[in-house]
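2 protein chains.
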Amino acid sequence: MDVLETIRLHRSIRKYEKRAITVAHKEAILRAACNGSTTGNMQLYSIIVTEDKEMMLRMAPYHFNQSMAINAPMILTFCADFNRFNRYCACRDAQTDAYNNLQSYHWAFTDAIIAAQNACVAAESLGIGLCWLGTITFNVDKFIEVLQLPENVIPVACIAFGYPAETPELTDKLPLEALVHHETYHNYSDADIDRLYYDKEHHPNTLQLLKENNLPNLAQIITQRRYIKKDNEAYEQVLIQALKKQCFMH
Amino acid sequence: MDVLETIRLHRSIRKYEKRAITVAHKEAILRAACNGSTTGNMQLYSIIVTEDKEMMLRMAPYHFNQSMAINAPMILTFCADFNRFNRYCACRDAQTDAYNNLQSYHWAFTDAIIAAQNACVAAESLGIGLCWLGTITFNVDKFIEVLQLPENVIPVACIAFGYPAETPELTDKLPLEALVHHETYHNYSDADIDRLYYDKEHHPNTLQLLKENNLPNLAQIITQRRYIKKDNEAYEQVLIQALKKQCFMH
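As they're listed, the protein sequences go chains A and B.
All the letters of the first sequence, read from the start, carry residue numbers 142 to 391 under the numbering used here.
All the letters of the second sequence, read from the start, carry residue numbers 142 to 391 under the numbering used here.
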């Protein structure tokens, strides 16, 4: 399928047919994932394929039992990975502690997300639906344990894949001018915010959310119900501890 | 162009025709960038378009004067951006400090790289070449200054785009089995490393590098010449200071 059309038709798919991803489709997705740009061609990522139901159910609570984490035929977890490269260095009398820092973590993080997004575009071009599970960075310590990740490996993205059993509407997005700046960043006046968020605030999905949450606007729903300061800060501590344990922070 | 074929043919392009990216192509790239998955549909990224030569030349030293940073007709810098969302919250009597932490930074980082990779795949499908400039996270403080990024905005990816004036070979990559794990992570024995790196170590590009660097293997070239511990740790400090200045770290 054509690239621009595939990307234009992107939406999160949360309900899947029961059947497994075919071997050919799985291979195409993984090959696409592993052919993106990477820092210095070091390929600083690993992909963990979850298809075993028992493994899925062990991880589901850490994904807050979202239905996608339980019912998807395949979950891919993308890890920032300096372990393999360090193992290579160890086998070649090269330094093995040059990348135990937050700068190097950024390179591996980037490599992993590039791979993840390549996997997503490839999957969608094959008619496979997907949904990102942001919970991977919330409960990162638990996923490190269950997936048996060694030092220098941190899971940064997790995506559920399956043949779609629903066709939701396309997601509402901010207009391009809200996201794009020319030459330098131009900060947003109050009037800019009103204008750029107008369509989103008047979208039927948003109006439905306001009713369900009994709150006056989307900003308050997100800050008071969805991504709450106290929780974010607790998950920040979990993440920092994991970065330390995995040797990317001191 | 077909997705799988576009991704299979990916290679970094470092030499570009002089002509500008057409308006239609630029619009297609930006639209694709802005249609990826994002955390809670908050779209936590901004894209800075650089086409002005003066701006390019101001930034070039911080990209170590790589030719792509000087000669590309267009550079896109992708930023993890909580500023716009916080501005929206401020305009709606919602909390504006819920996302001043490293956990929330991870969401915005992820959103920005998804957007960047969508832009890359879209561009390549249109016959436009590109090269990532990893230098963006090395000299992040300088880019924040030149691009006039407010608090809660950090540049995380930078990509030079142009119509290709070269057709390099496809990049050598590790075999799929080096990158993919099933159910749990399986660490690499010395024998695994020898086997999985065999093709890369015997690739003509690698043999050429060994000759040029007068070093016995690729691991030593990378650790002693390319990404050196002392430099990585200095750039780590720059990054940490920037994360603090932009309110994502305490």
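Beta carbons: idealized from backbone N, C-alpha and C, even for Gly.
Values in this document were obtained by computation on a predicted structure and should not be read as measured data.
Need the endpoints of the alpha helix (DSSP H) that residue i sits in, please.
{"i": "B:D222", "result": "Here B:D222 belongs to no alpha helix (DSSP H); instead the beta strand (DSSP E) covers 215-222."}
{"i": "B:T180", "result": "Run containing B:T180: none; DSSP gives neither H nor E here."}
{"i": "B:K341", "result": "339-342"}
{"i": "B:S330", "result": "Here B:S330 belongs to no alpha helix (DSSP H), and DSSP marks it neither H nor E."}
{"i": "A:A210", "result": "208-212"}
{"i": "B:M390", "result": "Note, B:M390: premise wrong, no alpha helix (DSSP H); not H, not E."}
{"i": "B:M200", "result": "194-200"}
{"i": "B:T312", "result": "B:T312 -> no alpha helix (DSSP H), and no H or E assigned at all."}
{"i": "A:R233", "result": "First-last for A:R233: undefined, no H or E at that position."}
{"i": "A:T147", "result": "144-149"}
{"i": "A:H166", "result": "164-174"}
Check whether the Cβ atoms of residue i and residue j lie closer than 9 angstroms to each other.
{"i": "A:G275", "j": "A:I162", "result": "no"}
{"i": "A:E318", "j": "B:E192", "result": "no"}
{"i": "A:P291", "j": "A:T218", "result": "no"}
{"i": "A:K156", "j": "A:A306", "result": "yes"}
{"i": "B:L267", "j": "B:H344", "result": "no"}
{"i": "A:T179", "j": "A:E265", "result": "no"}
{"i": "B:L315", "j": "B:Y338", "result": "yes"}
{"i": "B:C299", "j": "B:H151", "result": "no"}
{"i": "A:G181", "j": "A:W273", "result": "no"}
{"i": "B:F250", "j": "A:F250", "result": "yes"}
{"i": "B:L145", "j": "B:L243", "result": "no"}
{"i": "A:T278", "j": "A:Y376", "result": "yes"}
{"i": "B:Y326", "j": "A:C220", "result": "yes"}
{"i": "A:T134", "j": "A:L359", "result": "Since the first residue of chain A shown is 142 and the last is 391, residue 134 of chain A is not available in this structure."}
{"i": "B:L320", "j": "A:A231", "result": "no"}
{"i": "A:I211", "j": "A:A201", "result": "yes"}
{"i": "B:Q236", "j": "A:K159", "result": "no"}
{"i": "B:F226", "j": "B:Q184", "result": "yes"}
Where do the N-terminal and C-terminal ends of the beta strand (DSSP E) with residue i fall, by residue?
{"i": "A:I295", "result": "294-303"}
{"i": "B:I285", "result": "Careful: B:I285 lies outside any beta strand (DSSP E), inside the alpha helix (DSSP H) at 281-287."}
{"i": "A:Y157", "result": "First-last for A:Y157: undefined, no H or E at that position."}
{"i": "A:T191", "result": "186-191"}
{"i": "B:H323", "result": "321-323"}
{"i": "A:L271", "result": "270-273"}
Are there any heavy atoms of the ligand PLP lying less than 8 angstroms away from the beta-carbon of residue i, as far as the coordinates show?
{"i": "B:Y329", "result": "Judged by which ligands are present, the structure shown has none, so any question about the ligand PLP falls away."}
Rounding to the nearest angstrom, what Cα-Cα distance links residue i and residue j in this structure?
{"i": "A:Y368", "j": "B:D238", "result": "11 angstroms"}
{"i": "B:G177", "j": "B:L171", "result": "11 angstroms"}
{"i": "B:D222", "j": "A:Q207", "result": "27 angstroms"}
{"i": "A:N354", "j": "A:D340", "result": "19 angstroms"}
{"i": "A:T256", "j": "B:D252", "result": "Here residue 256 of chain A turns out to be Ala, not Thr, going by the sequence shown. Their Cα atoms are separated by approximately 14 angstroms."}
{"i": "A:Q258", "j": "A:S245", "result": "20 angstroms"}
{"i": "A:N241", "j": "A:A301", "result": "30 angstroms"}
{"i": "A:M209", "j": "B:V287", "result": "42 angstroms"}
{"i": "A:I154", "j": "A:E195", "result": "22 angstroms"}
{"i": "A:R336", "j": "B:F389", "result": "27 angstroms"}
{"i": "B:R233", "j": "A:I362", "result": "11 angstroms"}
{"i": "A:L380", "j": "A:F205", "result": "17 angstroms"}
{"i": "A:D313", "j": "B:A263", "result": "20 angstroms"}
{"i": "B:R403", "j": "B:D143", "result": "Nothing can be reported for residue 403 of chain B: it is not among the residues displayed for chain B, which extend from 142 to 391."}
{"i": "A:I254", "j": "A:V281", "result": "16 angstroms"}
{"i": "A:K386", "j": "B:P214", "result": "43 angstroms"}
{"i": "A:M197", "j": "A:I269", "result": "19 angstroms"}
{"i": "B:V164", "j": "B:V294", "result": "27 angstroms"}
{"i": "A:N224", "j": "A:Q378", "result": "23 angstroms"}
{"i": "A:I334", "j": "B:L351", "result": "55 angstroms"}
{"i": "B:Q382", "j": "A:E374", "result": "19 angstroms"}
{"i": "A:T308", "j": "A:L271", "result": "12 angstroms"}
{"i": "B:A169", "j": "B:I216", "result": "15 angstroms"}
{"i": "A:T364", "j": "A:R199", "result": "30 angstroms"}
{"i": "A:L311", "j": "A:E342", "result": "16 angstroms"}
{"i": "B:Q349", "j": "A:H322", "result": "42 angstroms"}
{"i": "A:D372", "j": "B:R149", "result": "41 angstroms"}
{"i": "B:H391", "j": "B:R228", "result": "21 angstroms"}
Beta strand (DSSP E) runs contained entirely in the segment 239-263 of chain B, provided each spans 3 or more residues: Counting only runs that start and end inside the segment 239-263 of chain B, there is no beta strand (DSSP E) element of at least 3 residues.
Proximal residues, the segment 288-308 of chain A versus chain B, C-beta separation under 9 angstroms: Among the residues of the segment 288-308 of chain A, those with a Cβ less than 9 angstroms away from any Cβ of chain B are L288, Q289, L290, P291, V294, V297, A298, I300, in the order of the chain.
Members of the segment 152-179 of chain A that neighbour chain B once the beta carbon cut-off is set at 7 angstroms: Listed in chain order, the positions of the segment 152-179 of chain A with a beta carbon within less than 7 angstroms of a beta carbon of chain B are S153, A169, L171, R172, A173, C175, N176, G177, S178.
Residues, ordered as in the chain, of the segment 344-376 of chain B that lie near chain A by beta-carbon distance below 8 angstroms: The segment 344-376 of chain B vs chain A, Cβ under 8 angstroms: P357, N358, L359, A360, Q361, I363, T364, Q365, R367, Y368, I369, K370, N373, E374, Y376.
Residues, ordered as in the chain, of the segment 191-203 of chain B that lie near chain A by beta-carbon distance below 8 angstroms: If the cut-off is 8 angstroms between Cβ atoms, the segment 191-203 of chain B has T191, E192, D193, M196 near chain A.
The segment 309-322 of chain B: positions lying closer than 8 angstroms to chain A by Cβ: Within the segment 309-322 of chain B, the residues whose Cβ lies closer than 8 angstroms to some Cβ of chain A are T312, D313, K314, L315, L317, A319, L320, V321, H322, listed in chain order.
Segments assigned alpha helix (DSSP H), at least 4 residues, entirely inside the segment 349-380 of chain B: Listed in chain order, they are 359-362.
Contacting positions in the segment 254-277 of chain B - beta carbon closer than 9 angstroms to chain A: Contact residues of the segment 254-277 of chain B toward chain A are I254, I255, A256, A257, Q258, N259, C261, V262, A263, E265, S266, L267, L271, C272, W273, G275 (C-beta to C-beta distance below 9 angstroms).
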